[in-house]
Amino acid sequence: MSKKPLAEIAKDMAGIDIAILSTHTDNGEIDTPGIVLIKVKANRVTYWKGREEGEVAP
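Everything in the sequence shown is counted per my numbering, starting at 829 for the first residue and increasing by one.
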């Protein structure tokens, strides 16, 4: 039996929202030496916002 990986190293930036990604850097640049982008495929997401919490699943 084989399983699909849940995460992979993103080697291609196609399909990645660069505007959102660049807000998380000091200078707005995303080509930072030594930094790797990991693309995760989640089955569900749990979130917390203040005292509110929830879960999103397909």
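Note that CB positions come from ideal geometry on N, CA and C, so glycine has one too.
{"Item": "Helix, strand or coil at residue 835 according to DSSP, with G and I counted as helix", "Value": "strand"}
{"Item": "Near the ligand SAH: residue 847 beta-carbon under 8 Å from a heavy atom", "Value": "Absence of the ligand SAH is noted for the structure shown, with no ligands found whatsoever."}
{"Item": "Selection from 850, 853, 863 and 851 that minimises the alpha carbon distance to residue 838", "Value": "863"}
{"Item": "Same chain, Cβ closer than 8 Å to residue 866, neighbours up to 5 away in sequence not counted", "Value": "835, 836, 837 and 838"}
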